[in-house]
Structures are given as C-alpha cells and as structure tokens.
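Numbering (the working numbering), first residue to last: 900 to 1071.
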C-alpha cells in the first residue's frame, strides 16, 4: 500500500510540475524593433533635393531640430537626428548645418531653458532668426503601432513658409 501511495503522489507531483512549467515563461521572447530610419531619411532628402523651390548653396545655413517622438516606442532622438544630419551632408555638401552649442547660446540669451531640446516650431523659428539661419528642418516620428511615420518639414525661416513636407513609412 505504501508503494502504491508513494507512486501516486510522485505521479501527481510530476503532473503538477509539468502544468506549472507550461504557465511560466522562463525565456520570454524579446521583441526587437529594427527601425529602418536611414532608408526613409535618404528617400526624403532625395525628394527634397529634387524640389526646384529649394536652393542650396554655400551661404545657406540649416538648423535641424531634434526629432520629436510622437509614437509609443522609445527612440534615441539625438542619434536619429545625427543620422538625419549625416544623410543631409552626404547629399548636400555645400550647406552649413548649425550645431546645438550655437542654439543653446541663443536659448540662454533669450532666457529659454537649455535642457528642453525638443522645441515647438515657433520657438525654433525664433532661435533660427536670431542666428540668421536660412532653413529650419522640423521632423517627427508618429504612430501608435506598425507602421510608424517619419514626417519632415523644411521651413523658410524668414517668412515661416513651409517649402517642403513629406511623410514616409518607417519599416522594421
């Protein structure tokens, strides 16, 4: 009788553990998102260069604002902005891109917070006018789920006119 009882206890214990192992996920899958940002940025810049209303020369200066994240995923905005700048400089080597140090000096002079990197369009245009910048490039990534969208606007600082606007899907 003891052997039978011990046998059934071991069987029940084994079955309990088997069903217990099914419920716990010891190795959860990590969801990795690969944002193919570079290809989307290249396509937008190529389209922007083909626009005949936009003139690029050595006297032209450009302020590329930090990309606004309007999505539900974590993004490293400064790295994505640097990728965008590099892609612009690859295609247009004549243009002068204004760095953040110059913009931060102007922010300090105007009494704006230096820590706030993602600025709205009117504030960015004001900072651009203070630095005699020709164009301001505003960009954001939006979307709540697949696919996400990269939106880019090129604004003429003098008038505030949007010269170029393009939205591109970001595949991952």
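Here a beta-carbon is modelled for each residue, glycine too, at the ideal position from N, C-alpha and C. None of these values were measured; they are calculated from a predicted model.
Check for me: the alpha helix (DSSP H) holding residue i runs from which residue to which?
i	result
residue 999	999-1009
residue 1018	Run containing residue 1018: none; DSSP gives neither H nor E here.
residue 946	936-949
I'd like the span of the beta strand (DSSP E) that includes residue i, first residue to last.
i	result
residue 1048	1047-1055
residue 956	Looking at the DSSP string, residue 956 is not in any beta strand (DSSP E), and its letter there is neither H nor E.
residue 1043	Counting along the chain, residue 1043 falls outside any beta strand (DSSP E), and DSSP gives it neither H nor E.
Does the distance from the CB of residue i to the CB of residue j come in under 8 angstroms?
i	j	result
residue 1067	residue 939	yes
residue 857	residue 937	Here the chain has residues from 900 to 1071 only, and residue 857 is not among them.
residue 1056	residue 1070	no
residue 1037	residue 1020	yes
residue 947	residue 953	yes
residue 993	residue 951	no
residue 1001	residue 1011	no
residue 1032	residue 1054	no
residue 990	residue 944	yes
Considering only DSSP beta bridges, list what residue i is partnered with.
i	result
residue 1068	1048
residue 976	None; residue 976 has no bridge partner.
residue 967	1039
residue 1063	1053
residue 995	960
Taking 7 angstroms as the line, does the beta carbon of residue i fall inside it for any heavy atom of the ligand GDP?
i	result
residue 1032	The ligand content of the structure shown is nil, which means the ligand GDP is not present either.
When you compare the segment 1030-1046 with the segment 970-980, are there three or more beta-carbon pairs, one atom per stretch, that lie closer than 8 angstroms? Touching, yes, given that three or more Cβ pairs across the two stretches are closer than 8 angstroms.
Report yes or no: do three or more beta-carbon pairs, one from the segment 982-989 and one from the segment 1002-1019, lie closer than 8 angstroms? Under the three-pair Cβ rule at 8 angstroms, the segment 982-989 does not count as touching the segment 1002-1019.
At least 3 beta-carbon pairs within less than 8 angstroms: the segment 1014-1029 vs the segment 956-964: Three or more Cβ pairs drawn from the segment 1014-1029 and the segment 956-964 lie within less than 8 angstroms of each other, which places the two stretches in contact.
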